[in-house]
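In what follows, a single structure is set out as structure tokens and then discussed.
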Amino acid sequence: MPLQKRLILEWGIARLRAAAKRRGVWRGVRVVCHASGWVRLEPVEILGPGPGDVLVRSRFSAVSPGTERALYSRLPNTHVSHPYTPGYSAIGTVIEVGPGVTPFRPGDRVAGQIPHMSVANVRADRLIPVTTNVGDIEAAFVTLGVIALQGVRKAGLRFGDRVAVLGRGVLGILTSRVASLAGPATVSIRGRGEGPGKSDTPAEALHEIILDVSGNPDALADAARMAAPGARIVLIGSSRGVSPPLPQGNAGAMPIEIRGAHAQMRADKESLPGRWTFRDEAGLYMDWVSEGRLVPFDLPVERIDPREAWRFYRRLGRGEPPVRAAVFDWDRLPDDLRSRTTTFRPPVSVFRTDPQRERQTARIPRLARSGRQRNARGATMHPKTNGPSRRLGIAFVGCGEIALRNAQAVADAGVAEIRWAIDTSEDLARDFAGRWGGRVASGIASALDDPQVDSIFICTPHHLHAPLCLQAVAAGKHVLVEKPIARDAPEAATMIEGARAAGVVLSTCYPMRYLPEVLAAKGLVREGAVGRIHGAKIAEHIYREISYWFGGSSGRSRSSWRTRRETSGGGVLLMNLCHHLDALLFITGLRPDRIYCESDRFAAPGDVEDLVALTIRMTGGAIVSMDASTCAPGGGHRVFEIWGADGPIALDEPPRFLSLRRNALGSPNEWSHLPRGAERGARRDFVRAFAAAVLGAAANPVPPEESLAVQLLIDAAYRSAERQAPLSIPTAPEWPADVVPNR
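Numbering (this note's numbering) for the sequence shown: 1 to 743.
Below, the structure written as structure tokens:
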């Protein structure tokens, strides 16, 4: 059909569908491949978002060179029907959201499975919010990051494995960097046709894991030549052709496992061991990029004007010059071409209603029609999440770096609204309000007088936690404090007494508790799957540049408070290891008895420690060894292990456990995987739990007495380091009722 006639037909169909569904029509442009070797930019009209959909205005859409070259050139093993729109990874801005979509709102930066279109309707579960310290280009490649993550996950890497990645493109680089975070001994990357290198020793030439992302059918033979006995060859890319027979001789006779790991074979609704959903994988990618643990690639990125798509694809098909990393830059198009709504809207009089149905509906109570119920205290509950339906009003006090993460969690949770952005720096407060909404103030008084504010979220330097909390509870506001609860235990105790006297909820943001693997580990310990706890080992080694101590990871807020114990309360022990201490006590229910600590400062400015080592004797006899550092070049070394009489639990990557007993999550005497989550999802779930506690629908997610227990342990550690002697740990005033001492 001629293009003009097809566009007229699509125009008419779009309006008929819009009238039937009572939705608007949006105009934009898209890249369309009509046949092998024929690509053009064309206008497109789409309906506004329906239930579960998000309308996104694209900024950058990433090119997957191998896949798109294969589709454009119609190489073997490409199954598409023309015409089609290529592309599957982009970043953009939300324009509208459909009914039932709560995690997103207009103006949000999102990335996910978006084709090469200036405006597109995307399922909400195929999108992920983009954190503020992740760049647009890095976020645009999120789907390729998901492909790399799921491939490495399915490969089942073990510590010390020698890993080879076949393929030097963007996906090959991403896969090699993701694999290096899983703890192998070595990761090498090779191009097409490269087998063992000439300079490789016999040991270096063989690998336990070979990850093929090349798409080259000859790569399987290369992988076999590089495989050690019992090696695993993992096919992440789609092979474009028939692979030749495996080589004869030793390589062909050795036991080799060939495992498929295509990205289409992933969990759809809920993550499973070895198979995560797109959103969970994408959330992990964003977290790692945000934290600086993963630098996706260091190639120059070519930015293409979408109007030059035909020229770009012609070069891509020829491979001259080769394309390494490229994105379509939709900002280069005029606004009226990129995305705009049409003036056509169906008149209301067109739609008829059934009077009898209206009368029947009128007799149904409003709560029943909405699918909601009320709990014992009268709070309206959502049937699916069992969380509060009334959106809490939250005032953020402190708009620096950690406030951005917590604001993202509030937005993701969908149970609260940010009403105030408060900071002594007007620029920070205005920047925060521009991202997340709310009125701007330099002091807390206006928020305390606002009847629409239910809770204060304190994200300030640590020395301000106690005075701000006491002001808030005196005004009858609930308080959520970014960890740690305070600089020391006496300050924490005054905060707890103030909250008790006011009858409000006081909670500390310890989101590790809501990681799926931590919750699963707690369940295993409670059911006795690992027996009596004998010990635990925790290590957290990261590297902080000097700039971090004066501006955080993003540099948004210039301040030296982190360098002084007077304002911070401490260094790596109080700032970082407090998360792990809280998670350990939460999982095991153990009570600390004695502690010995050594600490020092090597690279951090000021008077706070950047290296600490602890040995803790728990009641019941268990011994815990912990060490942490912010002066470890390379960083990324993390260990979290708990072991008992009947088996261990390992919460590092990948989370797993072994039990000699029958249990709900695995077979006896076999390693089994635990579910794996990301920090972002844990913060979201924590905010939801806090909101439910404020409305009386659930218990406090982190009772302040438990935060005080962590603070007492940390205070004792600092005193032990000063005295260079083991010390007893004071008992917290109230241990949680569900804590069972190890017997």
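Note that CB positions come from ideal geometry on N, CA and C, so glycine has one too.
Residue i, enclosing alpha helix (DSSP H) - first and last residue
{"i": "Ser547", "result": "546-551"}
{"i": "Glu517", "result": "516-526"}
{"i": "Met226", "result": "219-226"}
{"i": "Leu75", "result": "Neither: Leu75 is in no alpha helix (DSSP H) and is coded neither H nor E."}
{"i": "Pro467", "result": "465-474"}
{"i": "Ile128", "result": "Where Ile128 is concerned, there is no enclosing alpha helix (DSSP H), although the beta strand (DSSP E) it sits in stretches over 127-129."}
{"i": "Ala650", "result": "Per DSSP, Ala650 belongs to no alpha helix (DSSP H); it is in the beta strand (DSSP E), 647-650."}
{"i": "Ile173", "result": "170-180"}
Minimum C-alpha distance to residue i - residue among the options
{"i": "Ser118", "options": "Arg40, Leu333, Ala155", "result": "Leu333"}
{"i": "Val31", "options": "Glu308, Ile595, Met512, Phe457", "result": "Glu308"}
{"i": "Val178", "options": "Asn669, Pro654, Gly87", "result": "Pro654"}
{"i": "Thr424", "options": "Cys631, Arg74, Gly443", "result": "Gly443"}
{"i": "Leu752", "options": "Glu257, Val710, Ser58", "result": "Outside the shown range of the chain (1 to 743) lies residue 752, about which nothing can therefore be said."}
{"i": "Arg656", "options": "Gly107, Val694, Ser64, Pro516", "result": "Pro516"}
{"i": "Leu574", "options": "Arg69, His463, Ile137", "result": "His463"}
{"i": "Ile95", "options": "Gly317, Ser64, Pro49, Ser568", "result": "Pro49"}
{"i": "Val710", "options": "Phe457, Phe278, Arg487", "result": "Arg487"}
{"i": "Val44", "options": "Cys33, Leu55, Arg27", "result": "Arg27"}
{"i": "Ala413", "options": "Ala682, Asp108, Arg69, Pro51", "result": "Ala682"}
{"i": "Gly52", "options": "Gly107, Ser214, Val295, Asn121", "result": "Asn121"}
Limits of the beta strand (DSSP E) - the one that residue i falls within
{"i": "Pro701", "result": "Segment: none, Pro701 is in no beta strand (DSSP E) and carries neither H nor E."}
{"i": "Val639", "result": "637-644"}
{"i": "Tyr745", "result": "Residue 745 lies beyond the stretch modelled for the chain, which goes from 1 to 743, so this question has no answer here."}
{"i": "Thr508", "result": "506-509"}
{"i": "Thr615", "result": "611-618"}
{"i": "Met211", "result": "Residue identity check: residue 211 is Leu in the sequence provided, not Met. Looking at the DSSP string, the run of the beta strand (DSSP E) that includes Leu211 is 207-212."}
{"i": "Ser455", "result": "455-458"}
{"i": "Arg259", "result": "257-260"}
{"i": "Ile147", "result": "Per DSSP, Ile147 belongs to no beta strand (DSSP E); it is in the alpha helix (DSSP H), 142-155."}
Paired residues, beta bridge with residue i - DSSP
{"i": "Val122", "result": "Val54"}
{"i": "Cys33", "result": "Val39, Tyr84"}
{"i": "Trp420", "result": "Ala395, Arg439"}
{"i": "Val97", "result": "Val54"}
{"i": "Trp330", "result": "Answer is none; Trp330 lacks a bridge partner."}
{"i": "Gly531", "result": "In the DSSP output, where bridge partners are listed per residue, Gly531 has none listed."}
{"i": "Ser629", "result": "His541, Leu611"}
{"i": "Pro772", "result": "With the chain running from 1 to 743 in the structure shown, residue 772 is simply not present."}
{"i": "Ala164", "result": "Ser188, Ile210"}
{"i": "Glu45", "result": "Arg27"}
{"i": "Arg275", "result": "Leu272"}
{"i": "Met117", "result": "Arg30"}
{"i": "Gly317", "result": "Answer is none; Gly317 lacks a bridge partner."}
{"i": "His673", "result": "Arg656"}
Residues of its chain near residue i, where Cβ-Cβ distance is below 7 Å and the 5 sequence neighbours each way are ignored
{"i": "Pro140", "result": "The sequence shown places Ala at residue 140, not Pro. Cβ neighbours of Ala140 beyond the five flanking positions: Phe60, Ser61, Ala62, Ser89, Ala90, Ile91, Ala111, Val327."}
{"i": "Met618", "result": "Leu590, Arg591, Pro592, Asp593, Val624, Asn742"}
{"i": "Lys154", "result": "Val234, Arg259, Ala261, Gly274"}
{"i": "Ile729", "result": "Pro592, Asp593, Arg594, Ile595, Leu712, Leu713, Ala716"}
{"i": "Gly169", "result": "Pro65, Gly66, Arg324"}
{"i": "Arg303", "result": "Val327, Asp329"}
{"i": "Ala182", "result": "Val152, Leu157, Glu653"}
{"i": "Val80", "result": "Leu71"}
Chain-order list of residues whose beta-carbon lies under 8 Å from that of residue i (same chain, five-residue window excluded)
{"i": "Ala407", "result": "Phe396, Ile418, Phe432, Arg435, Trp436"}
{"i": "Ala645", "result": "Val530, Gly531, Arg532, His534"}
{"i": "Ala725", "result": "Tyr596"}
{"i": "Thr563", "result": "Trp549, Phe550, Ala604, Pro605, Gly606, Asp607, Val608"}
{"i": "Leu470", "result": "Thr494, Met495, Gly498"}
{"i": "Pro306", "result": "Val29, Val31, Leu41, His116, Ser118, Phe328, Asp329, Trp330, Arg332, Leu333"}
{"i": "Pro255", "result": "Pro229, Gly230"}
Cβ shell of residue i (< 6 Å), same chain only, five flanking positions each side left out
{"i": "Glu491", "result": "Ala466"}
{"i": "Gly12", "result": "none"}
{"i": "Gln356", "result": "Low confidence applies here, because Gln356 scores a pLDDT of 35, under 50, leaving its location unreliable and the question unanswered by this model."}
{"i": "Pro115", "result": "Thr85, Gly87"}
{"i": "Pro759", "result": "Within the shown structure, residues of the chain are numbered from 1 to 743, placing residue 759 beyond reach of any answer."}
C-beta neighbour in chain B for residue i, strict 9 Å
{"i": "Asp685", "result": "No chain B appears in this structure, which consists of one protein chain only."}
Distance cut-off 8 Å: residue i Cβ against heavy atoms of the ligand FAD
{"i": "Ile402", "result": "With respect to small molecules bound, the structure shown includes none, and the ligand FAD cannot be examined in it."}
Pairing CB atoms from the segment 535-551 with CB atoms from the segment 636-644, are three or more of them under 8 Å? Here the segment 535-551 makes contact with the segment 636-644; the two share three or more CB pairs at distances below 8 Å.
Check whether the segment 489-505 touches the segment 625-636, taking contact to mean three or more Cβ pairs, one atom from each stretch, closer than 8 Å. Contact between the segment 489-505 and the segment 625-636 is absent: fewer than three C-beta pairs spanning the two stretches fall below 8 Å.
Does the segment 156-165 come within contact of the segment 120-140, defined as at least 3 CB pairs closer than 8 Å? The segment 120-140 and the segment 156-165 do not touch, with fewer than three beta-carbon pairs separated by less than 8 Å.
Hey, is the segment 675-683 in contact with the segment 279-287, meaning 3+ C-beta pairs nearer than 8 Å? Judged by pairs of C-beta atoms under 8 Å, the segment 675-683 touches the segment 279-287, as three or more such pairs exist.
Below 8 Å, can you find three or more Cβ-Cβ pairs linking the segment 491-501 to the segment 576-586? Counting Cβ pairs under 8 Å, fewer than three are found: no touch.
Would you check if the segment 102-110 and the segment 127-138 touch, i.e. whether three or more CB-CB distances between them fall below 8 Å? Segments in contact, yes.
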